[in-house]
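Residue 530 in the UniProt record's numbering sits at position 530 of the sequence shown, and the numbers go up by one each step.
The beta carbon of each residue, even a glycine, is placed where N, CA and C say it ideally should be.
All remarks here apply to the structure that follows.
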Amino acid sequence: MGLMDLCGYRLMEGCEFAISNAEGFMEILARDLSLLDGENVQCVLASEEHVESLMEQLELAINEADRLETQLDNYDEILCHVRDTMETMEKKNSMNSIVNKNNQQLMGELENIVTTLDLPMDYQKALDDADFTTPEGLTFSVKAAQALKVAMNSDIDKALLQMSAVQEQRKKFEKYKEKFSRSLSRQLNNLFIHYGNHKGEADKSVEGLILPQHSGVHKELYPYTELMHWMKVMDKKMYDSLKEVYTSSLGKLYDRDLRGLFNAAREKIGAYAVASPTTLIGLDRDFWTLETSAADRRRYETILEQVLTQLEPVFLQEQQFCVRFFQLDVLSPTSKNTLTTLDGCEATMEIALPQKKMEKQIDEDVRSMMSTLFACLKTELDLLIDHVKRQDSFYCMYVLIGLNQHVMSAQSSFLSNTFASQLVEVKRSLDQFMQTQIESVKDCRLARKSKVGILPYVSNLEIFAVNVECLLKSDRAADLEKWYTRLIDTIIEYIPVHANEQKTPSQVVKMENYHHLHSLLSQLKISVLDVQRKETKQRYNDALQAYVTLYFGRPLEKLNTFFEGVQAKVASGVKASEVSYQLAYSKQELRKVINQYPGSNVKKGIESLYKKVEKHLSEEGNLLQVVWRAMQEEFIRQYKMLEELIQQCYPGSMVSLEFSIEDILQYFSEIARSH
Numbered sequence: 001m002g003l004m005d006l007c008g009y010r011l012m013e014g015c016e017f018a019i020s021n022a023e024g025f026m027e028i029l030a031r032d033l034s035l036l037d038g039e040n041v042q043c044v045l046a047s048e049e050h051v052e053s054l055m056e057q058l059e060l061a062i063n064e065a066d067r068l069e070t071q072l073d074n075y076d077e078i079l080c081h082v083r084d085t086m087e088t089m090e091k092k093n094s095m096n097s098i099v100n101k102n103n104q105q106l107m108g109e110l111e112n113i114v115t116t117l118d119l120p121m122d123y124q125k126a127l128d129d130a131d132f133t134t135p136e137g138l139t140f141s142v143k144a145a146q147a148l149k150v151a152m153n154s155d156i157d158k159a160l161l162q163m164s165a166v167q168e169q170r171k172k173f174e175k176y177k178e179k180f181s182r183s184l185s186r187q188l189n190n191l192f193i194h195y196g197n198h199k200g201e202a203d204k205s206v207e208g209l210i211l212p213q214h215s216g217v218h219k220e221l222y223p224y225t226e227l228m229h230w231m232k233v234m235d236k237k238m239y240d241s242l243k244e245v246y247t248s249s250l251g252k253l254y255d256r257d258l259r260g261l262f263n264a265a266r267e268k269i270g271a272y273a274v275a276s277p278t279t280l281i282g283l284d285r286d287f288w289t290l291e292t293s294a295a296d297r298r299r300y301e302t303i304l305e306q307v308l309t310q311l312e313p314v315f316l317q318e319q320q321f322c323v324r325f326f327q328l329d330v331l332s333p334t335s336k337n338t339l340t341t342l343d344g345c346e347a348t349m350e351i352a353l354p355q356k357k358m359e360k361q362i363d364e365d366v367r368s369m370m371s372t373l374f375a376c377l378k379t380e381l382d383l384l385i386d387h388v389k390r391q392d393s394f395y396c397m398y399v400l401i402g403l404n405q406h407v408m409s410a411q412s413s414f415l416s417n418t419f420a421s422q423l424v425e426v427k428r429s430l431d432q433f434m435q436t437q438i439e440s441v442k443d444c445r446l447a448r449k450s451k452v453g454i455l456p457y458v459s460n461l462e463i464f465a466v467n468v469e470c471l472l473k474s475d476r477a478a479d480l481e482k483w484y485t486r487l488i489d490t491i492i493e494y495i496p497v498h499a500n501e502q503k504t505p506s507q508v509v510k511m512e513n514y515h516h517l518h519s520l521l522s523q524l525k526i527s528v529l530d531v532q533r534k535e536t537k538q539r540y541n542d543a544l545q546a547y548v549t550l551y552f553g554r555p556l557e558k559l560n561t562f563f564e565g566v567q568a569k570v571a572s573g574v575k576a577s578e579v580s581y582q583l584a585y586s587k588q589e590l591r592k593v594i595n596q597y598p599g600s601n602v603k604k605g606i607e608s609l610y611k612k613v614e615k616h617l618s619e620e621g622n623l624l625q626v627v628w629r630a631m632q633e634e635f636i637r638q639y640k641m642l643e644e645l646i647q648q649c650y651p652g653s654m655v656s657l658e659f660s661i662e663d664i665l666q667y668f669s670e671i672a673r674s675h
């Protein structure tokens with residue numbers, strides 16, 4: 001229901017009488033309408049005033065808003081100005097901070113330059129007029145030189161080197177450096193030349209050969225060590241010049257000492273008797289041009305050891321001094337002469353060397369200096385070893401041992417390297433010596449004799465073994481062992497070759513020589529020759545068996561022939577027990593053959609055999625009894641074989657040989673005793 005309907009409904013409720021009194025109702029409505037019109041007019045009049053008031057208020061509000069907007073614009077302008085001002089101030093503050101920082105850095109650099117380039121006056125005086133005559137003056141000179149080095153090597157930016165003050169100070173320092181360098185060079189130069197005539201110190205308690213030491217020179221020069229290091233950094237050219245003067249002066253000193261030592265050693269060894277000593281294993285000892293006694297060999301070895309022992313302390317002492325004094329263990333000094341290498345331009349860039357290459361260069365510098373100081377060492381050592389070589393063909397054995405020991409005891413030194421180089425040459429001489437010995441075995445020439453006996457290279461092997469024993473017991477045994485094996489193999493190989501060239505039965509030559517060789521190898525007890533020792537034993541046994549088989553033959557020849565026929569029948573199918581029924585092999589035929597070998601005839605045959613064996617064998621081979629025993633065993637073997645065949649083929653026949661095994665043993669024994 002709408003609002004109008006509701007009002008009308010209420011009106012109808014309040015005027016229920018309208019139906020009965022319509023005119024009254026109309027009057028009421030007209031009256032109410034009139035009242036309402038009046039109220040409406042009054043409301044209209046009243047609202048106009050309010051509207052005007054409202055319009056005035058709105059006008060005021062608009063004006064106030066305009067004022068506020070204007071004021072806000074003013075504030076915005078002020079804020080913009082403030083913002084610009086703040087930005088400007090921020091920039092100014094940043095610039096001020098940079099300026100302050102730069103000023104501080106500049107102040108620091110200037111203070112650093114002033115501090116580092118400031119050289120105390122007393123140092124300037126010391127550099128200008130250096131005093132090296134007193135310990136105090138020398139000590140103060142070292143301090144002044146180090147201060148100058150620090151100043152000239154100070155860490156200054158290269159751009160600042162363009163400053164006139166720095167350039168002026170640089171020139172001043174350069175003058176001090178040059179003057180001090182000249183003074184120091186003159187002082188050291190004079191000292192080096194003076195010490196070139198030093199007599200050296202010798203240990204009087206030591207007997208024999210002596211090489212003077214020069215620790216006194218080193219002691220006098222050690223106070224100048226720091227100044228020499230300073231020279232290496234500050235004036236490399238002058239440093240190289242001083243090093244050359246030192247090596248030249250002291251080199252003459254060591255040249256004199258070394259020649260004296262080696263000349264004395266050669267005199268102690270003595271003059272050699274022959275120009276070209278020959279001691280070849282393949283030659284008969286009658287043709288040896290030199291045979292050194294054990295006493296002489298020990299004397300040579302002792303003299304060589306004395307020389308090597310004297311060299312070691314002197315060389316090691318000198319090398320240690322040179323490395324320390326001349327700073328040879330530093331390839332490039334850690335400090336650089338900045339003010340002399342930088343001239344306000346581009347710096348020279350140093351290329352770092354790899355560690356291994358640097359170490360190699362350092363070793364080369366040390367080797368070069370030591371080689372100059374001891375220039376005659378290699379030559380003198382060669383002459384001494386050659387002198388020993390002319391006295392003893394087996395020199396390389398003990399020389400190799402001596403050099404090897406001193407290479408190990410003087411490790412990482414110039415002397416050790418020199419000895420190592422010499423060791424290689426002696427090792428090469430050993431190889432050549434052993435190869436020559438092997439060739440002498442192959443080229444062995446023997447006179448054709450009725451009895452060859454022990455071949456020269458087998459006989460001489462014992463002397464050879466004694467002479468090389470020292471090397472086999474040393475750390476260098478491997479150098480000889482391989483050659484020893486080759487030598488014995490060659491001897492084993494060529495014994496049959498030379499045996500076939502002689503009148504003596506080859507079996508005898510092989511038997512005697514293999515036996516002699518086996519005995520020697522058994523005595524030597526050299527483990528690497530075990531295979532060869534076993535081989536010689538086998539070859540000896542083979543040769544012995546071959547000789548017995550060939551020359552003993554069958555002394556009961558007809559009996560052997562008879563039973564060969566018997567064995568042939570048995571082999572053809574005839575039973576052994578039925579062979580006696582064969583006419584040719586009957587008991588009667590067997591007795592006929594046996595009767596041809598009475599004991600007396602057998603003994604004569606054995607005696608004839610003994611004479612033949614005695615004629616073949618040599619006394620030095622000392623195998624007559626061995627061979628005779630082998631022949632006795634062979635005879636007994638044949639005897640037993642014949643007896644066994646008789647028992648098999650002629651059982652119960654009472655047939656047997658006319659002599660027994662006891663008779664055979666007696667025959668052989670009597671014949672051996674009678675000769």
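Quick check: the Cα distance between residue i and residue j, rounded to an integer number of angstroms?
{"i": "residue 687", "j": "Thr549", "result": "Lying before the first or after the last residue shown, residue 687 is absent from the chain, which here runs from 1 to 675."}
{"i": "Gln666", "j": "Arg448", "result": "37 Å"}
{"i": "Tyr398", "j": "Gly196", "result": "36 Å"}
{"i": "Gly344", "j": "Val150", "result": "The predicted position of Gly344 is uncertain, since its pLDDT is 39 and thus under 50; a value taken from the coordinates is nonetheless stated next. Taking the straight line from one Cα to the other gives about 19 Å."}
{"i": "Glu589", "j": "Val566", "result": "12 Å"}
{"i": "Leu339", "j": "Leu110", "result": "The predicted position of Leu339 is uncertain, since its pLDDT is 49 and thus under 50; no value can be drawn from it."}
{"i": "residue 684", "j": "Lys378", "result": "The requested residue 684 does not occur in the structure, where the chain is confined to residues 1 to 675."}
{"i": "residue 681", "j": "Leu415", "result": "The displayed coordinates of the chain run from 1 to 675. Any statement about residue 681 would go beyond what the structure contains."}
{"i": "Leu68", "j": "Cys80", "result": "18 Å"}
{"i": "Leu430", "j": "Lys537", "result": "29 Å"}
{"i": "Leu517", "j": "Cys322", "result": "57 Å"}
{"i": "Arg186", "j": "Asp365", "result": "24 Å"}
{"i": "Lys525", "j": "Tyr585", "result": "57 Å"}
{"i": "Glu350", "j": "Thr302", "result": "Note on Glu350: pLDDT 41, under 50, position unreliable in the model; no value is reported."}
{"i": "Asn417", "j": "Lys360", "result": "14 Å"}
{"i": "Ser572", "j": "Ser653", "result": "23 Å"}
{"i": "Lys473", "j": "Lys389", "result": "21 Å"}
{"i": "Thr278", "j": "Phe287", "result": "8 Å"}
{"i": "Leu480", "j": "Ile495", "result": "22 Å"}
{"i": "Gly137", "j": "Glu226", "result": "14 Å"}
{"i": "Leu253", "j": "Tyr239", "result": "21 Å"}
{"i": "Gln435", "j": "Cys396", "result": "13 Å"}
{"i": "Asn595", "j": "Asp284", "result": "53 Å"}
{"i": "Leu35", "j": "Glu48", "result": "21 Å"}
{"i": "Lys592", "j": "Ala576", "result": "20 Å"}
{"i": "Ile193", "j": "Arg367", "result": "22 Å"}
{"i": "Asp663", "j": "Gly599", "result": "8 Å"}
Confirm, please, whether the CB-CB distance from residue j to residue i is below 8 Å.
{"i": "Tyr610", "j": "His675", "result": "yes"}
{"i": "Gln327", "j": "Met370", "result": "no"}
{"i": "Ala295", "j": "Leu209", "result": "no"}
{"i": "Val452", "j": "Val509", "result": "yes"}
{"i": "Arg620", "j": "Ile492", "result": "The question names Arg, but residue 620 is Glu in the sequence shown. Going by C-beta atoms, Glu620 is not nearer than 8 Å to Ile492."}
{"i": "Met234", "j": "Ser183", "result": "no"}
{"i": "Val426", "j": "Leu461", "result": "no"}
{"i": "Ser154", "j": "Leu117", "result": "yes"}
{"i": "Ile401", "j": "Leu446", "result": "no"}
{"i": "Cys444", "j": "Arg259", "result": "no"}
{"i": "Leu188", "j": "Tyr222", "result": "no"}
{"i": "Leu657", "j": "Leu645", "result": "no"}
Step through the CB atoms of chain D and report whether any lies within less than 8 Å of the CB of residue i.
{"i": "Leu191", "result": "Absence of chain D from the displayed structure is noted, only one protein chain being present."}
Check whether the stretch 486 to 495 touches the stretch 313 to 325, taking contact to mean three or more Cβ pairs, one atom from each stretch, closer than 8 Å. In this structure the stretch 486 to 495 does not touch the stretch 313 to 325; the number of beta carbon pairs closer than 8 Å is below three.
Are there three or more Cβ pairs, one per stretch, closer than 8 Å when the stretch 637 to 645 is compared with the stretch 554 to 564? Yes, since at least three Cβ pairs between the stretch 637 to 645 and the stretch 554 to 564 fall closer than 8 Å, the two stretches touch.
Hey, which unbroken runs of the alpha helix (DSSP H) at 4 residues or more fall wholly within the stretch 474 to 545? The alpha helix (DSSP H) runs lying completely inside the stretch 474 to 545 and spanning 4 residues or more are 477 to 499, 506 to 524, given in chain order.
Would you call the stretch 137 to 153 in contact with the stretch 230 to 245, where contact means no fewer than 3 C-beta pairs closer than 8 Å? Yes, since at least three Cβ pairs between the stretch 137 to 153 and the stretch 230 to 245 fall closer than 8 Å, the two stretches touch.
Any 3 or more C-beta pairs closer than 8 Å across the stretch 165 to 173 and the stretch 112 to 128: A contact exists between the stretch 165 to 173 and the stretch 112 to 128.
Please go through the stretch 402 to 479 and give each complete beta strand (DSSP E) segment of 3 or more residues, from N-terminal end onward. Taking 3 residues as the minimum length, the stretch 402 to 479 contains no beta strand (DSSP E) run wholly inside it.
Return the chain-ordered ranges of every alpha helix (DSSP H) run that is complete within the stretch 214 to 262 and spans a minimum of 4 residues. Whole alpha helix (DSSP H) segments, 4+ residues: 215 to 221, 225 to 234.
Within the stretch 164 to 197, ranges of the alpha helix (DSSP H) (whole runs, at least 4 residues): Segments of the alpha helix (DSSP H) lying fully in the stretch 164 to 197: 164 to 195.
For the stretch 601 to 670, which segments carrying the alpha helix (DSSP H) assignment without a break, of at least 4 residues, lie completely within its bounds, in sequence order? Positions of the alpha helix (DSSP H) runs, each at least 4 residues long and wholly inside the stretch 601 to 670, are given as 624 to 649 in order along the chain.
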